[in-house]
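Input: a single structure, listed below in structure tokens.
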Amino acid sequence: MKRIHLFEFEDQPWFPDWLRVLMTRYISRFHRILDSASIMKPLIEKGLSLTKENVIIDLCSGNGGPMPEIFHSLKNKRPELQLLLSDLYPNLKAAEKFNSDKVNNIQYLTTSLDATKVSPEIRGLRTMVSSMHHMKPDIARAILSNAKDSHQPILIYEISDNSPPIFLWWLAIPFALIATLILTPAVRPLTWQQLVFTYLIPILPLFIAWDGAVSNARTYTLEDMNQLIDGLSDENYIWEMGKLNGKGGKKLYLMGKPQKV
138 MKRIHLFEFE DQPWFPDWLR VLMTRYISRF HRILDSASIM KPLIEKGLSL
188 TKENVIIDLC SGNGGPMPEI FHSLKNKRPE LQLLLSDLYP NLKAAEKFNS
238 DKVNNIQYLT TSLDATKVSP EIRGLRTMVS SMHHMKPDIA RAILSNAKDS
288 HQPILIYEIS DNSPPIFLWW LAIPFALIAT LILTPAVRPL TWQQLVFTYL
338 IPILPLFIAW DGAVSNARTY TLEDMNQLID GLSDENYIWE MGKLNGKGGK
388 KLYLMGKPQK V
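The working numbering numbers the first residue of the sequence shown as 138 and each following residue consecutively.
Right, dumping it as structure tokens:
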């Protein structure tokens, strides 16, 4: 595989949860700048057509990313649509916000959900937005295998394509560092912690810049994805993958498609 599995701070169980929350808030703002919701919406619609369930199960949600925005854009056509957010390390502040609004049909699981062991009783379109690169190949394959074995559609989406020469991955660090300093005022909610640890005690830009650059080096290319799904196709379940144009460069997607809904 081309990807290299370097260290990311956000992945570590010892990493402070409050810092993880601040980082995921920045990532959500970055998704809005890249207009991830508009790019993903047709893929989500296609994925929903592959299941009888009117449910999206988002895995590795963080604070929600672009999924709530996509969900609301689909509600007019699908008033019964439900969005279930989840994570191995649930963002409890985000969960409190979503779960307090009973009319929006958005629920955030407050218990840990392992994406490799999703219960077959949880049915609907599974999504992973800019999160598959966090997984080592055996874990990534287990996630895909779990979706196939449960006969549920799954959509993997990444905001980069890992196209530059892999030995140049570190060149993204200074650009990501500068971007953090410029874009942080647009983060919502913008808390004093976000400002203090970006500008006065600038640890957030360092964490975000490192993890951002490493994320691209970790991204599974289309060739890598082909290796992940090797042996996971049959007459009842097939895979589709491709590159999409968008702000900031090419995006990648992988979709698992059950053939008998």
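Using N, Cα and C, we set each Cβ at its ideal position, and we do this for glycine too. All values derive from a computational prediction rather than experimental measurement.
Requested in this report: Report the residue from LEU250, MET177 and ALA174 whose alpha carbon sits nearest the alpha carbon of LEU196.
Outcome: Translated into positions along the sequence shown, residue 196 becomes position 59. Out of LEU250, MET177 and ALA174, LEU250 has the C-alpha closest to the C-alpha of LEU196.
Query raised in the report: Residue ranges of each alpha helix (DSSP H) run of no fewer than 4 residues wholly in the region 209-258, ordered along the chain?
Result: For the region 209-258, the continuous alpha helix (DSSP H) assignments of 4+ residues that do not extend past its boundaries occur at 229-236, in sequence order.
Query - Candidates SER237, THR253 and SER287: closest to ARG260 by CA position - result: Stepping through the sequence shown from its first residue, residue 260 is reached at position 123. Of the candidates SER237, THR253 and SER287, the one whose C-alpha sits nearest the C-alpha of ARG260 is SER287.
Query raised in the report: Does the Cβ of LEU281 have 16 or more other Cβ atoms within 10 Å, making it buried, or fewer, making it exposed?
Result: Residue 281 sits at position 144 when you count from the first residue of the sequence shown. By the neighbour-count rule (16 or more Cβ atoms within 10 Å), LEU281 is buried.
Report task. Figure out for me which residue from LYS388, VAL351 and THR356 has the closest Cα to the Cα of LEU308. Result -> The count along the sequence shown starts at 1 and reaches residue 308 at position 171. For the set LYS388, VAL351 and THR356, the Cα lying nearest the Cα of LEU308 is the one of VAL351.
Report task. Check each candidate in ALA174, PRO311 and PHE334 and name the one with the smallest Cα separation from GLY383. Result -> Within the sequence shown, the letter at position 246 stands for residue 383. Looking only at ALA174, PRO311 and PHE334, the smallest Cα-Cα distance to GLY383 is reached by ALA174.
Requested in this report: With a cut-off of 8 Å on the beta carbons, I'd call ILE141 and ILE303 a contact; round off their distance for me.
Outcome: Numbered from its first residue, the sequence shown carries residue 141 at position 4. Numbered from its first residue, the sequence shown carries residue 303 at position 166. Indeed they touch by this definition, with Cβ atoms about 6 Å apart.
Query raised in the report: Do the region 326-337 and the region 293-300 make contact, defined as three or more Cβ pairs closer than 8 Å?
Result: Note that the region 326-337 does not touch the region 293-300; fewer than 3 beta-carbon pairs, one per stretch, sit closer than 8 Å.
Requested in this report: Compare the beta carbon distance of LYS387 and SER267 with 8 Å and say whether it is the shorter of the two.
Outcome: Translated into positions along the sequence shown, residue 387 becomes position 250. Translated into positions along the sequence shown, residue 267 becomes position 130. Not closer than 8 Å, so no.
**Report entry** Any 3 or more C-beta pairs closer than 8 Å across the region 150-169 and the region 220-235
**Finding:** At 8 Å Cβ cutoff, the stretches touch.
**Report entry** Rounded C-alpha distance that separates GLU182 from LEU337
**Finding:** Residue 182 sits at position 45 when you count from the first residue of the sequence shown. Residue 337 sits at position 200 when you count from the first residue of the sequence shown. Cα to Cα, GLU182 sits roughly 43 Å from LEU337.
Requested in this report: Could you say if the region 212-227 and the region 179-194 meet the contact criterion of at least three C-beta pairs nearer than 8 Å?
Outcome: Counting Cβ pairs under 8 Å, three or more are found: they touch.
Requested in this report: Just mark PRO150 as buried or exposed, buried being the case when its beta carbon has 16 or more other beta carbons within 10 Å.
Outcome: Working through the sequence shown from its first residue, we reach residue 150 at position 13. Looking at its Cβ environment, which holds fewer than 16 other Cβ atoms inside 10 Å, PRO150 is exposed.
**Report entry** Under 8 Å between C-beta atoms of TRP347 and PHE152
**Finding:** Residue numbering aside, residue 347 sits at position 210 when the sequence shown is read from its first letter. Residue numbering aside, residue 152 sits at position 15 when the sequence shown is read from its first letter. Contact: no.
Query raised in the report: In chain order, what residues of the same chain lie with their CB nearer than 8 Å to the CB of LEU225, ignoring the 5 residues before and after it?
Result: Numbered from 1 along the sequence shown, position 88 holds the residue referred to as residue 225. Exclusion of the five residues before and after LEU225 leaves CYS197, SER249, LEU250, ASP251 and ALA252 as the residues of its chain whose Cβ lies within less than 8 Å of its Cβ.
Query raised in the report: Which residues bound the alpha helix (DSSP H) around ILE340?
Result: In the sequence shown, counting from the first residue as 1, residue 340 sits at position 203. ILE340: member of the alpha helix (DSSP H) spanning 340-355, first to last residue.
**Report entry** Alpha-carbon spacing of SER297 relative to GLU258, whole angstroms
**Finding:** Counting from one through the sequence shown, the residue named residue 297 turns up at place 160. Counting from one through the sequence shown, the residue named residue 258 turns up at place 121. Distance between the alpha carbons of SER297 and GLU258 is about 32 Å.
Query raised in the report: Looking only at C-alpha atoms, which of SER210, LYS189, PHE334 and LYS178 sits nearest to ARG157?
Result: In the sequence shown, counting from the first residue as 1, residue 157 sits at position 20. The candidate whose alpha carbon is nearest that of ARG157 is PHE334.
Report task. Say yes only if the C-beta of THR335 is nearer than 7 Å to one or more non-hydrogen atoms of the ligand COA, and no if none qualify. Result -> With respect to small molecules bound, the structure shown includes none, and the ligand COA cannot be examined in it.
Requested in this report: With a threshold of 16 other CB atoms inside 10 Å of the CB of PRO342, please say whether the residue is buried or exposed.
Outcome: As a working note, residue 342 is residue 205 in the sequence shown. Result: buried.
Query - Uninterrupted alpha helix (DSSP H) stretches inside the region 253-296 (no shorter than 4 residues) - result: The DSSP assignment places complete alpha helix (DSSP H) segments of no fewer than 4 residues inside the region 253-296 at 274-286, in order along the chain.
**Report entry** Residues near TRP155 in its chain [Cβ-Cβ closer than 8 Å; skip 5 each side]
**Finding:** Translated into positions along the sequence shown, residue 155 becomes position 18. Within the same chain, TRP155 has close Cβ partners GLN330.
**Report entry** Classification of LEU185 by the beta-carbon crowding that lies within 10 angstroms, buried from 16 upward
**Finding:** Residue 185 sits at position 48 when you count from the first residue of the sequence shown. Buried, by the Cβ-count rule.
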